[in-house]
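> Handing you a structure now.
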Amino acid sequence: MQQEEVLYMFPESMRSRWKNAAKQADKLQEIRLRVNVPASVLVDNREWFVDKEGNMMDMPPHGADNKPEELELILQHLCQYSIYAFADEIRQGFLTIQGGHRVGLSGQVILEGDNRIRNLKYIRYLNIRMAHEMKGVSDPVLLYLYNEHGYVRNTLLISPPGCGKTTMLRDIIRNISDGTKYGKGMNVSVVDERSEIAGSYLGIAQNDVGIRTDVLDGCPKKEGMMMLIRAMAPQVLAVDELGNEEDIQALRMASGCGCKLIATVHGSSLREIRSKKYMRNVMEDRLFERYLVLTRKNGRCEIEGIYDGEGTRCLN
Amino acid sequence: MLKLAGILCILTGCIGWGGSKIREEQRRVQHLRELIRIMKRIQGEICYGKHTLPEICFILSEYSDLPYRLYFMKIYEQTNLRSGACLTQIWMQQMTQCLTDIPLQREEKDILINLPRNLGISEETRQSESIGQSMDLLVRRCRQAEDDYAGKAKMIFSVSLLTGVFITILLL
Chain F
8 MQQEEVLYMF PESMRSRWKN AAKQADKLQE IRLRVNVPAS VLVDNREWFV DKEGNMMDMP
68 PHGADNKPEE LELILQHLCQ YSIYAFADEI RQGFLTIQGG HRVGLSGQVI LEGDNRIRNL
128 KYIRYLNIRM AHEMKGVSDP VLLYLYNEHG YVRNTLLISP PGCGKTTMLR DIIRNISDGT
188 KYGKGMNVSV VDERSEIAGS YLGIAQNDVG IRTDVLDGCP KKEGMMMLIR AMAPQVLAVD
248 ELGNEEDIQA LRMASGCGCK LIATVHGSSL REIRSKKYMR NVMEDRLFER YLVLTRKNGR
308 CEIEGIYDGE GTRCLN
Chain B
2 MLKLAGILCI LTGCIGWGGS KIREEQRRVQ HLRELIRIMK RIQGEICYGK HTLPEICFIL
62 SEYSDLPYRL YFMKIYEQTN LRSGACLTQI WMQQMTQCLT DIPLQREEKD ILINLPRNLG
122 ISEETRQSES IGQSMDLLVR RCRQAEDDYA GKAKMIFSVS LLTGVFITIL LL
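Which chain is which? The protein sequence lines are F and B, in order.
In terms of this note's numbering, the first sequence opens at residue 8 and continues consecutively.
In terms of this note's numbering, the second sequence opens at residue 2 and continues consecutively.
As structure tokens, then:
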């Protein structure tokens, strides 16, 4: 990632403050902006505070608290002074900006009559999560994701938050789409409900998701999967973060249409996934032929293991 | 003979001046219509297209008439530089320049110049409604200008002709 990409996130008047952090763009993971406290950044898993001059320090500096109007200006800038255009995303608590970076938002929720979130106001907490494309992370596991005929196996990625689940999924999509030594390139369709996989901005994927990939951005998984099957005739369908029975039903329908599936789910082990009500039947029916479990050890993301449809370990 | 030529020159000059004023009124109506068209397009792009302001500027740079299209393109180009400059300021600066020589009244110009200031609403329907209010004002102004045009044109022509006659009498 380029230094400029970090600076582009801020209005002109604030750019000098972020020059030092931008110099470490490659290792920069997060920028956290909270009202009435100093800004902090996460660089290579280490937290630093940023003072008004842009110096990075261990302890929170005095007089460097973020003012509400500064946060509003940053938000306006990130939304290109068109907050209405991001209303749906803001409702879900995030924005995807150019470069595929995610901005998490928090503030005061406005509810509708039926307790549904209508909007967010007084957005006073921003968490800018830098997108780092890591090409090649899926290379060691590809062998297990193809069968002997060169077809992709239905695969479920299991990982706790922050262990590189989406990064791994993105790289698998890219590899399947472009083709590997294990199988030729295939048409992949991606339902990118939260713009995390392709990081689409103005409809253009900001991350490399392969030459045979179609992206449906910002669409709920259930509707998106059926829409893509009807419209794009994919050989492989990829979705992120299965979260309820509806998603599973849509996956089953997609599988019934002859599509191969690559999906992810939050969890730390196969056992934990089995304990989830909506996932139990999926595992019993062996909808997935491979389970790829990711974990974090000593601050590093690692592959804990690859399992077959019966739960037998293929790779330690 | 010279006197006759002088009288003709004075009358022609005065009528010409009147004609230019009439054309100015005509242009005002045309510009008001164009502004309404622009505002309607902006409203549509916000409500249905959910486009951001820079994208809307790009669309308008192809859709609107001269001189507006040039300035919309300039705004789009400046925001694309990603210099971090405030879009509201860029818009206001460019639109002020664009409207300098256009025969519109101050309030009418301000509607377009101050448009980004009204774009802070985080819900597209409400946002579109707020633009609709500005547009309603323009529509009212335009109707009034259209209704008044015929009467005003007659009056300006008569005044200019009478001015010419008055000056001629004074000079004789």
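Every residue gets a Cβ at the ideal spot worked out from N, C-alpha and C, and that includes glycine.
These numbers come from a predicted model, not from an experiment.
Less than 7 Å between C-beta atoms, sequence neighbours within five positions excluded: which residues of the same chain meet that for residue 185(F)?
As a working note, residue 185(F) is residue 178 in the first sequence. Within the same chain, residue 185(F) has close Cβ partners 192, 217 and 218.
> Just mark residue 77(B) as buried or exposed, buried being the case when its beta carbon has 16 or more other beta carbons within 10 Å.
In the second sequence, counting from the first residue as 1, residue 77(B) sits at position 76. Result: buried.
> Mind listing the chain B neighbours of residue 123(F)? Cutoff is C-beta to C-beta under 8 Å, in chain order.
Within the first sequence, numbered from 1, the residue matching residue 123(F) stands at position 116. What residue 123(F) touches in chain B: nothing, since even the nearest Cβ is about 14 Å away.
> Which partner residues does residue 98(F) have in the DSSP bridge list?
The residue you call residue 98(F) lines up with position 91 of the first sequence. For residue 98(F), which the question treats as bridged, DSSP gives no partner whatsoever.
> Could you spell out the range, first to last residue, of the beta strand (DSSP E) harbouring residue 128(F)?
Locating residue 128(F) in the first sequence gives position 121, counting from the first residue. Taken as a continuous stretch (DSSP letters only), the beta strand (DSSP E) holding residue 128(F) covers 124-136.
> Taking residue 54(B) as the query, report the chain F residues whose CB atoms sit under 7 Å from its CB, ordered along the chain.
Sequence index remark: in the second sequence, residue 54(B) carries index 53 (1-based). Result: 87, 88 and 89.
> Using three-state DSSP, classify residue 218(F) as helix, strand or coil.
In the first sequence, counting from the first residue as 1, residue 218(F) sits at position 211. The three-state reading of DSSP puts residue 218(F) in coil, since its state is none of H, G, I, E or B.
> Which residues of the stretch 122-156 of chain B have a Cβ closer than 7 Å to any Cβ of chain F? Give them in chain order.
122, 123, 124, 125 and 128
> Just by C-beta distance, which residues in the stretch 9-31 of chain F are closer than 7 Å to chain B?
Under the 7 Å Cβ criterion, the stretch 9-31 of chain F contributes 15, 17, 18, 19 and 22.
> Closest Cβ-Cβ distance between residue 257(F) and chain B: below 7 Å?
On the first sequence, residue 257(F) is found 250 positions in, with the first residue counted as 1. With 7 Å as the cut-off, residue 257(F) does not count as an interface residue toward chain B.
> Determine the DSSP secondary structure at residue 41(B), reduced to helix, strand or coil.
Here residue 41(B) refers to the residue found at position 40 when the second sequence is read from its first residue. Here DSSP, grouped into helix, strand and coil, assigns residue 41(B) to helix.
> Compute the Euclidean distance between the alpha carbons of residue 68(B) and residue 31(B), then round it to the nearest angstrom.
On the second sequence, position 67 is the one that residue 68(B) refers to. On the second sequence, position 30 is the one that residue 31(B) refers to. Their backbone Cα atoms lie some 13 Å apart in a straight line.
> Residue 51(B) versus chain F: which residues are under 7 Å apart at the beta carbon?
Counted from its first residue, the second sequence places residue 51(B) at position 50. The contacting residues are 92.
> Are the CB atoms of residue 252(F) and residue 228(F) within a distance shorter than 7 Å?
In the first sequence, the residue the question calls residue 228(F) occupies position 221. In the first sequence, the residue the question calls residue 252(F) occupies position 245. Taking 7 Å as the cut-off, the beta carbon of residue 228(F) is found no closer than this to the beta carbon of residue 252(F).
> What does a CB cutoff of less than 8 Å around residue 54(F) pick up in its chain, not counting 5 residues either side in sequence?
What you label residue 54(F) is simply residue 47 of the first sequence in a count that begins at 1. For residue 54(F), where only same-chain residues beyond five positions count, the Cβ hits under 8 Å are 47 and 48.
> Short check: CB of residue 14(F) to CB of residue 22(F), under 7 Å?
As a position in the first sequence, residue 14(F) is number 7, starting the count at 1. As a position in the first sequence, residue 22(F) is number 15, starting the count at 1. Going by C-beta atoms, residue 14(F) is nearer than 7 Å to residue 22(F).
> For a quick check, are the C-beta atoms of residue 124(B) and residue 92(F) less than 7 Å apart?
For the purposes of this step, residue 124(B) is taken as residue 123 along the second sequence, with counting starting at 1. For the purposes of this step, residue 92(F) is taken as residue 85 along the first sequence, with counting starting at 1. No, Cβ-Cβ distance for residue 124(B) and residue 92(F) is not below 7 Å.
> Would residue 244(F) pass as a contact of residue 266(F) if the rule is Cβ separation under 7 Å?
Indexing the first sequence from 1 puts residue 244(F) at position 237. Indexing the first sequence from 1 puts residue 266(F) at position 259. Contact: yes.
> Quick one: using the 10 Å Cβ neighbour count with 16 as the cut-off for buried, is residue 119(B) buried or exposed?
Counted from its first residue, the second sequence places residue 119(B) at position 118. Exposed.
> When the Cα of residue 163(F) is compared with those of 315(F), 260(F) and 20(F), which residue comes out closest?
The residue labelled residue 163(F) in the question sits at position 156 within the first sequence. Answer by Cα proximity: 315(F).
> Whole angstroms are fine: how far does the CA of residue 202(F) sit from the CA of residue 239(F)?
The residue given as residue 239(F) occupies position 232 in the first sequence. The residue given as residue 202(F) occupies position 195 in the first sequence. Cα to Cα, residue 239(F) sits roughly 19 Å from residue 202(F).
> First and last residue of the beta strand (DSSP E) that includes residue 302(F)?
Taking the first sequence and counting its residues from 1, the one referred to as residue 302(F) is at position 295. Element bounds for residue 302(F): 297-304.
> Alpha carbon to alpha carbon, what distance is there between residue 182(F) and residue 145(F)?
Here residue 145(F) corresponds to residue number 138 of the first sequence, with the count starting at 1. Here residue 182(F) corresponds to residue number 175 of the first sequence, with the count starting at 1. Distance between the alpha carbons of residue 145(F) and residue 182(F) is about 8 Å.
> Of all the options 87(B), 3(B), 2(B) and 10(B), which has the alpha carbon lying nearest to the alpha carbon of residue 164(B)?
The residue you call residue 164(B) lines up with position 163 of the second sequence. Answer by Cα proximity: 10(B).
> Can you give the Cα-Cα distance for residue 30(F) and residue 38(F), rounded to whole angstroms?
Within the first sequence, the letter at position 23 stands for residue 30(F). Within the first sequence, the letter at position 31 stands for residue 38(F). The alpha-carbon atoms of residue 30(F) and residue 38(F) are separated by roughly 14 Å.
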